[in-house]
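Residue numbers for the sequence shown follow the working numbering, beginning at 7 and rising by one. For every residue, glycine included, the Cβ atom is placed at its ideal position computed from N, Cα and C. Bear in mind the structure is a predicted one, so any value in this text is a computation, not a measurement. To keep things clear, I will list the structure first and then write my remarks on it.
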Amino acid sequence: MEEASRQRKERLETIRKRKLESSKSEEQTVDNEEDSNTVKKPALKFRNYTPVNEEIKTAAKVHIATPNDLGETLEKHVDRITKEVEETEKAKREEEVDLFNLAPKKPNWDLKRDVEKKLTKLERKTQASIAHLIKTRLQSESTENTSVGLIDAVNAQQKADLEDNDSD
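If you want it as structure tokens, here you go:
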């Protein structure tokens, strides 16, 4: 720490020397330029306050900075960013996915898909049992009416249905 403070003192000393040399050189140039009786007055710079005296005010021509004169400040930048973030969040909230819109129009579509294979098998068995019932009814009637041709037609239709269902 002592070494850091020593280095800082050296830097400050060199800066002072440069400043003194520059001010001496300016005085020499002013002396060379001026004749014996004319003395140039130093320019007044009022950086931290506004002068009260009217004569000094006109000589200084101080421009007091207003918030409008300032460019992009940190506060303005932060305000702009927060507005942008709020707008994007609002847009995202409006675009949020509605579960009702995401769901399928027919809620049982997956059930139909899974049950469809089983239904085809049941449909075959149902057709076969209906044909069997018709056949038995016709046989009972055939004994009464002896309509063998109708029974053969039903048997042929049943075989054709079974062959079509097996090929599916």
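- DSSP, read as helix, strand or coil, puts Lys47 in coil.
- Contact check for Asp167 against Gln133 passes: the beta carbons are separated by less than 7 angstroms.
- Under the DSSP assignment, Glu92 falls in the alpha helix (DSSP H) whose first and last residues are Leu80 to Glu100.
- Closest in alpha carbon position to Gln163, among Ser148, Ser146 and Ile140, is Ile140.
- Val160 sits in a helix when the DSSP states are folded into three classes.
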